[in-house]
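*Asks:* The working numbering numbers the first residue of the sequence shown as 42 and each following residue consecutively.
The structure under discussion is supplied below as structure tokens; questions concerning it will follow.
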Amino acid sequence: MRRPVTIGRVRGQAIESESGHLWITVHPSYLLRLPDEPSRQRKFVRFVKDLEGAKALLASRGKRTS
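As structure tokens, then:
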């Protein structure tokens, strides 16, 4: 039996699944629900880094990223 994966533990990483690699990050609506502007700014910066990591992974595999 597989153990559950928590987003906090694997965020910003690729994990392998039966259908291929998955890039883990938060849903964009999470950013909109944050209670204050400083939190939104910090989490947005991290979200952008997550997306940059996904782009780098695709680029390293020879996929088009733009």
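Ideal Cβ placement from N, Cα and C applies to all residues, glycine included.
1. Among F88, R50, L99 and L98, which one has its Cα closest to the Cα of S70?
2. Can you grab the Cα-Cα spacing for the pair R81 / R43, in whole Å?
3. Could you tell me if T47 is buried or exposed, where buried requires 16 or more neighbouring beta carbons within 10 angstroms of its beta carbon?
4. Is DSSP giving E59 helix, strand or coil here?
5. Roughly how many whole angstroms lie between the Cα atoms of H62 and P79?
6. Taking Cβ to Cβ, would you say I65 is nearer than 8 Å to R52?
*Replies:* On the basis of the data shown:
1. As a first step, residue 70 is located in the sequence shown; it is residue number 29 there, counting from the start. Nearest of F88, R50, L99 and L98 to S70, Cα basis: F88.
2. Counting from one through the sequence shown, the residue named residue 81 turns up at place 40. Counting from one through the sequence shown, the residue named residue 43 turns up at place 2. R81 and R43: Cα-Cα distance of roughly 33 Å.
3. In the sequence shown, counting from the first residue as 1, residue 47 sits at position 6. Exposed, by the Cβ-count rule.
4. Taking the sequence shown and counting its residues from 1, one reaches residue 59 at position 18. When DSSP states are grouped into helix, strand and coil, E59 belongs to the coil group.
5. Taking the sequence shown and counting its residues from 1, one reaches residue 62 at position 21. Taking the sequence shown and counting its residues from 1, one reaches residue 79 at position 38. Distance between the alpha carbons of H62 and P79: 32 Å.
6. As a working mapping, residue 65 is identified with position 24 in the sequence shown. As a working mapping, residue 52 is identified with position 11 in the sequence shown. Cβ distance < 8 Å, so I65 and R52 count as in contact.
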